[in-house]
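Participant: Have a look at the structure that comes next, please.
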Amino acid sequence: MDADAESESFVGCNSTPFPVLVVIRGNSGSGKSTVAAAVRRRFERGACALVAQDTVRREMLGESDDPGAFNIRLIEQIATSCLREGLVVIVEGILTADKYGLMLERLAGAARPLFYSFDLTLEQTHARHAGRAQAASITEEMITEWYRPWKPLTFVDEIRLDGGWTVEALTERIWTDITRARR
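With the numbering used here applied, the sequence shown covers 343 to 525.
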């Protein structure tokens, strides 16, 4: 790898004493998982951890999304461990302020935080959801029932993402922000 290419990627753990926390929040179907995965693919092995709320809550634990549930503490523990290793950590999920806000605030204090939150209309959310594989098992009615208006976190400035952002543009924006934060 030449010097220019190496400066634009992060190799291995502990590449900087300043770990970066990236939080991507939004309604079901907004695009947060797609963007998080696209950002994660830009990193070399061992440099970035992706902590997905759905993976921890639904797949690992089979929990409901209740206040104070164990998944909230486990997400924090996983992210904290990865930050201590010097990794860039992407935490993505619905991550509502009322249930996850205190945990996210603690994580933000342990790293250089970058917060992004989707603020899409219900119609935009339905349109994005229609193009997902999950559209076969998650109905429009379910998306409507789960939909919540944007509620910003009070402890950090979030970048508010409207429907004009493409996956590619947002991936590039987050990658650029991470690169700046790591220097």
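Cβ atoms here follow ideal geometry from the backbone N, Cα and C, with glycine treated the same way.
Which residues bound the alpha helix (DSSP H) around residue 372?
Facilitator: No alpha helix (DSSP H) holds residue 372; DSSP gives it neither H nor E.
Participant: With respect to the alpha helix (DSSP H) encompassing residue 434, which residues constitute its N-terminal and C-terminal limits?
Facilitator: That residue, residue 434, is in no alpha helix (DSSP H); its beta strand (DSSP E) goes 430-435.
Participant: Within 10 angstroms of the Cβ of residue 460, are there 16 or more other Cβ atoms? Answer buried if so, exposed if not.
Facilitator: Per the 10 Å Cβ criterion, buried.
Participant: May I ask which residues mark the beginning and end of the beta strand (DSSP E) holding residue 501?
Facilitator: Residue 501 -> beta strand (DSSP E) spans 501-503.
Participant: Write down the C-beta distance between residue 390 and residue 420 rounded to the nearest angstrom, noting that I regard them as a contact closer than 8 Å.
Facilitator: About 13 Å separates the two Cβ atoms, so there is no contact after all.
Participant: Counting only runs of 4+ residues fully inside the segment 439-517, write out the alpha helix (DSSP H) ranges in chain order.
Facilitator: The segment 439-517 contains these whole alpha helix (DSSP H) runs: 439-450, 464-472, 482-488.
Participant: Determine, using beta carbons only, whether residue 379 comes closer than 8 Å to chain C.
Facilitator: Absence of chain C from the displayed structure is noted, only one protein chain being present.
Participant: Is residue 378 helix, strand or coil by DSSP?
Facilitator: In the structure shown, residue 378 sits in a helix (DSSP, three-state: H, G or I).
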